[in-house]
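Residue numbers are given in the numbering used here: position 146 of the sequence shown equals residue 148, and the series is strictly consecutive. Even for Gly, the Cβ is constructed at its ideal location relative to N, Cα and C. Quantities reported herein were computed from a predicted structural model and do not represent experimental measurements. For reference, the structure discussed in these notes is given below.
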Amino acid sequence: MARTTRTVYGAELQNCMFHGIPYQILPNTTLNEKLSIRANDFPAAGQYPTQRYMVVGNGGHFFAAGADGIPYIDDNVHRVSDAAPFRLVPLVLRLENDDLPQNLRAKYALRRSELHHGERYYAYYARRIDMTNVESKLRKITVDNGTETVVPFVPNNSNLNPVPPVTPPNQSIPALANGDYLDVSMLITVDFTPAEVQEYINACTIIFGSDKYAAISEVGLVTGIDKLVPVDGAGGTSFQFNEIIAAQIATHIVRYNHMASNTDGATFTYDAGANEALLTEADEGVLGVTTLP
């Protein structure tokens, strides 16, 4: 199971959008600052960043040994204040004279020139998420002695004409209690083609010296704004590039994926909905908000 940490920056953005008040980008919170890419570009008045991007890293895990001496992989868990992955890795790293063609370049952002082992490369740290078929869905989750049944939630007339429930005094809920819960699910799927997996393997091999480092063990879901800007190309050329400004991580996801073992392609699926379960009726008689384990 992936370990998910929603950042305070994403929470503040949601709060400002919900209440229609200006959102201020604070210093030391953007990936633009970390990478020195358009760090001083900010949203226009009334413009809000949206979560349509992702970045990756290979610092979300460590190797430990159990009591029996057998090694295993464990997670480095992010704090809500972490504004970047533990070890940010570019998704693509191309020699300057072998840059991505325009049609492939459109998928990526946070582009900069880097020097590795005496040679100049163009690195692409962010990837756009295709939101074309993404849907937000209300769900009803029924829990019975630890077993969950999930069905779509369809509001009816009783929701517009509620009656007060009869409940005993509040009690604490150590785990998801028996009863009915509602949440909002929005599944985001990102497919890596075999060629895209190989791009990441190549980047890790160049930076770290071996494809053994080609793991994705942390993913950052990123909010930001597209902006067309002039950038340098090979041989002193320049062109317009669709960059991201105000790029902030809204959610950290830690789960180990060894990309060098996925040369046929890889698929990452995340639930970006408001999936903190909202308790409606429970055997314990508690009304309130709890969190899925």
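With a Cβ-Cβ cutoff of 8 Å, do Val192 and Phe270 count as a contact? Along the sequence shown, read from residue 1 onward, the residue named residue 192 stands at position 190. Along the sequence shown, read from residue 1 onward, the residue named residue 270 stands at position 268. It is a contact, given that the beta carbons lie within the stated cut-off.
Rounded to the nearest angstrom, how far is the Cβ of Asp84 from that of His63, given a contact under 8 Å? As a position in the sequence shown, residue 84 is number 82, starting the count at 1. As a position in the sequence shown, residue 63 is number 61, starting the count at 1. The pair is not a contact, with the Cβ atoms about 15 Å apart (cut-off 8 Å).
Considering only DSSP beta bridges, list what Leu93 is partnered with. As a first step, residue 93 is located in the sequence shown; it is residue number 91 there, counting from the start. DSSP, once it has assigned bridges, lists no residue as partnering Leu93.
Sorted by chain position, which residues of the same chain lie with C-beta nearer than 8 Å to Leu15's C-beta, five sequence neighbours on each side aside? Taking the sequence shown and counting its residues from 1, the one referred to as residue 15 is at position 13. Cβ within range, chain order: Tyr25, Tyr50, Pro51, Thr225, Gln250, Ala252.
Close beta carbons around Ser219, own chain, < 6 Å, minus the five adjacent residues each side: Working through the sequence shown from its first residue, we reach residue 219 at position 217. For Ser219, where only same-chain residues beyond five positions count, the Cβ hits under 6 Å are Asn60, Gly62, His63, Tyr258.
Quick one: measure Cβ to Cβ for Asp132 and Gly275, integer angstroms, because I've assumed they're closer than 8 Å. Reading the sequence shown from its first residue, position 130 is the one you call residue 132. Reading the sequence shown from its first residue, position 273 is the one you call residue 275. The Cβ separation is near 17 Å, so there is no contact.
Does Tyr50 get closer than 8 Å to chain C when you measure Cβ to Cβ? Among the chains in the structure shown there is no chain C, since it carries only a single protein chain.
What separation, rounded to the nearest whole angstrom, lies between the Cα atoms of Gly267 and Ile23? Translated into positions along the sequence shown, residue 267 becomes position 265. Translated into positions along the sequence shown, residue 23 becomes position 21. Roughly 42 Å between the two C-alpha positions.
Of the residues Tyr123, Leu230, Tyr126, the one placed nearest Phe243, counting alpha carbons only: The count along the sequence shown starts at 1 and reaches residue 243 at position 241. Nearest option by C-alpha distance: Leu230.
Helix, strand or coil: how does DSSP classify Lys109 here? In the sequence shown, the residue the question calls residue 109 occupies position 107. Coil.
Relative to the alpha-carbon of Gln53, which residue among Val136, Tyr215, Asp234, Gly71 has its alpha-carbon at the smallest distance? As a working mapping, residue 53 is identified with position 51 in the sequence shown. Closest by alpha carbon: Val136.
Rounded to the nearest angstrom, how far is the Cβ of Met261 from that of Ile203, given a contact under 8 Å? For the purposes of this step, residue 261 is taken as the residue at position 259 of the sequence shown. For the purposes of this step, residue 203 is taken as the residue at position 201 of the sequence shown. Confirmed, Cβ separation roughly 6 Å.
Quick check: Asn34 and Ile247, are their CB atoms within less than 8 Å of each other? Counted from its first residue, the sequence shown places residue 34 at position 32. Counted from its first residue, the sequence shown places residue 247 at position 245. Yes. Within cutoff.
Flag this pair as yes or no: are the beta carbons of Leu95 and Tyr123 separated by less than 8 Å? Locating residue 95 in the sequence shown gives position 93, where the first residue counts as 1. Locating residue 123 in the sequence shown gives position 121, where the first residue counts as 1. Taking 8 Å as the Cβ cut-off, Leu95 and Tyr123 qualify as a contacting pair.
May I have the straight-line CA-CA distance separating Cys206 from Asn163, to the nearest angstrom? The residue you call residue 206 lines up with position 204 of the sequence shown. The residue you call residue 163 lines up with position 161 of the sequence shown. Cys206 and Asn163: Cα-Cα distance of roughly 58 Å.
Does DSSP put Leu33 in a helix, a strand or coil? As a position in the sequence shown, residue 33 is number 31, starting the count at 1. In the structure shown, Leu33 sits in a helix (DSSP, three-state: H, G or I).
Test item: CB-CB of Leu97 and Glu121 under 8 Å: If you number the sequence shown from 1, residue 97 lands on position 95. If you number the sequence shown from 1, residue 121 lands on position 119. Their beta carbons are under 8 Å apart, which means Leu97 touches Glu121 by this criterion.
Check whether Ile255 and Thr6 have beta carbons under 8 Å apart: As a first step, residue 255 is located in the sequence shown; it is residue number 253 there, counting from the start. As a first step, residue 6 is located in the sequence shown; it is residue number 4 there, counting from the start. In this structure, Thr6 lies closer than 8 Å to Ile255 by Cβ.
The alpha helix (DSSP H) enclosing Tyr11, as first and last residue numbers: Against the sequence shown, residue 11 aligns to sequence position 9. Per DSSP, Tyr11 belongs to the alpha helix (DSSP H) from 10 to 21.
What's the gap between the Cα of Arg141 and the Cα of Arg107? Your numbering for residue 141 matches position 139 in the sequence shown. Your numbering for residue 107 matches position 105 in the sequence shown. Cα-Cα distance, rounded: 37 Å.
Beta-carbon contacts of Ala41 that lie in its chain and below 8 Å, excluding the five residues immediately before and after: For the purposes of this step, residue 41 is identified with residue 39 of the sequence shown, where counting begins at 1. Cβ neighbours of Ala41 beyond the five flanking positions: Thr32, Asn34, Glu35.
Going by Cα to Cα distance, which pick from Ile72, Asn99, Val58, His80 is closest to Gly238? Within the sequence shown, numbered from 1, the residue matching residue 238 stands at position 236. Measuring from the Cα of Gly238, the nearest candidate turns out to be Asn99.
Inter-residue Cα distance where the pair is Asp43 and Gly71: What you label residue 43 is simply residue 41 of the sequence shown in a count that begins at 1. What you label residue 71 is simply residue 69 of the sequence shown in a count that begins at 1. Answer to the nearest angstrom: the Cα atoms are 51 Å apart.
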